[in-house]
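Notes to accompany the following structure.
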Ligand SMILES: NC(=O)c1ccc[n+]([C@@H]2O[C@H](COP(=O)([O-])OP(=O)(O)OC[C@H]3O[C@@H](n4cnc5c(N)ncnc54)[C@H](OP(=O)(O)O)[C@@H]3O)[C@@H](O)[C@H]2O)c1
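In this note's numbering, the protein residues as written are 25 to 319.
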C-alpha cells in the first residue's frame, strides 16, 4: 500500500506521521512533497506523480471564526479539495480517508449524534465541511469520512494548549459551560485511522460515514477544569488555577457553535471491533506524553 498524507503538519497530521512510518507526507513545508492544496493543477500533478493507493486528507480550513469572513477560502479547502481528491480516487481505484466535524449538527437529540441524524450547520465552517462530505459522497469513490469533535493536542493553537498556557502563567480561567461535546485527542483519531486502515480499508467499496471521538460528554468548562488538575498533578503547570463557568453569551464568538456536540462512535466500534477511549483517559495519556516530551 502506498499512502499519501495531506496536512502532515497539523495536529492530526503530526500524530499520524508519528504512528505510520510507511507514509509519504505532503504539506506546504517540511514534508516529502510540498503543495498548496487549493492549487488544483499542482494537486492533480502531485497525485498523478505519486499515484497513492490511499490518500489521508488531514488538511482543512479549521479557523472556525475566520471562516465567517473568508467563506470562499474555507470552501476551497473544505469542499473543493475533497471533491478533487475523491474524483481522483474514483478514477484510480484509491481509498480516501477524509475528516469532518460535529459542527454539521445543531440542536440536541438527548443522546450522542448518530451518522444518519439530520444535519443543520450554523457556521460557515460547519457548512463548508458538510459540503466536503457531500462532495465525497457524490463521487461514489472508496472513502471513509470520519466525523470527529473538539480535537486537541500538545501543539499550540487548540483549546487544551491555550488554557494550559494561560494557567501556566497563573491566570484564572473563564470557560463556557453550556456547550457540551466529545473532546478528542488527536492521538485517538490517529489510532482509529490506523485501525480502520488495517481492519477494513480494503473492504470499503463506497463512501462510508463514521463518528470517531473520545467517549463521554463534557462541557468546555469541565474539560478545562480536568485538564488544569491533571496538568498540575504532572508538573506541567506549577499549580492549579481557578476555573469559572460562564455562558456562551458571556464569551461572544463570531461563529455560532453547537450546544450539543456529542458523537456516538458505536458504528466505528462495531466495524473495527475496537473501543474508543474514554475522553478523560485520552486526556491523561496526552498529558503523560506532553510531560515526557518536556523532560
Ligand atoms: N480541530 C478541531 O477541533 C476539529 C474538530 C472537528 C473536526 N476537525 C477536523 O479534523 C481534521 C484535522 O484537524 P486538525 O485539528 O488536525 O487541523 P489543523 O491542526 O488545523 O491542521 C490543518 C492542516 O491543514 C493544512 N492546510 C491548510 N490550508 C492548506 C493549504 N491551502 N494547502 C495545504 N495545506 C493546508 C495546514 O497546513 P499548515 O501547517 O501549512 O498551516 C495544517 O497543517 C480536519 O478535517 C478538521 O476539519 C477538527
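The beta carbon of each residue, even a glycine, is placed where N, CA and C say it ideally should be.
Predicted, not measured: the structure shown is a model, and the values here were computed from it.
- Contact between residue 224 and residue 245 does not hold, since the beta-carbon distance rounds to 37 Å and is not under 8 Å.
- Residue 233 has its alpha-carbon roughly 22 Å from the corresponding atom of residue 88.
- Look at residue 164 here: in three-state DSSP terms it is coil, with no helix or strand label.
- At least one heavy atom of ligand 1 falls within 7 Å of the beta-carbon of residue 86.
- Set against 7 Å, the gap from the CB of residue 51 to the closest heavy atom of ligand 1 is smaller.
- The C-alpha of residue 172 lies about 29 Å from the C-alpha of residue 196.
- For residue 228, the secondary structure class from DSSP, reduced to helix, strand or coil, is coil.
- DSSP places residue 124 in the uninterrupted beta strand (DSSP E) bounded by 119 to 125.
- In this structure, 35 is the residue among 35, 101, 103 with its C-alpha nearest to the C-alpha of residue 183.
- Assigned with DSSP and collapsed to three states, residue 106 falls in helix.
- For residue 187, no beta strand (DSSP E) segment is defined; the enclosing uninterrupted segment is the alpha helix (DSSP H) at 183 to 192.
- Between residue 271 and residue 222, the C-beta gap is not smaller than 8 Å, which leaves the two residues out of contact.
- Here residue 275 is exposed, its C-beta having fewer than 16 other C-beta atoms within 10 Å.
- Restricting attention to 119, 69, 90, the CA atom closest to the CA of residue 81 is found in 119.
- When the five nearest sequence neighbours on each side are left out, no beta carbon in the same chain lies closer than 7 Å to the beta carbon of residue 90.
- Secondary structure note for residue 49: it is in no alpha helix (DSSP H), and the uninterrupted beta strand (DSSP E) holding it is 47 to 51.
- In the DSSP assignment, residue 74 falls within the unbroken alpha helix (DSSP H) covering 64 to 74.
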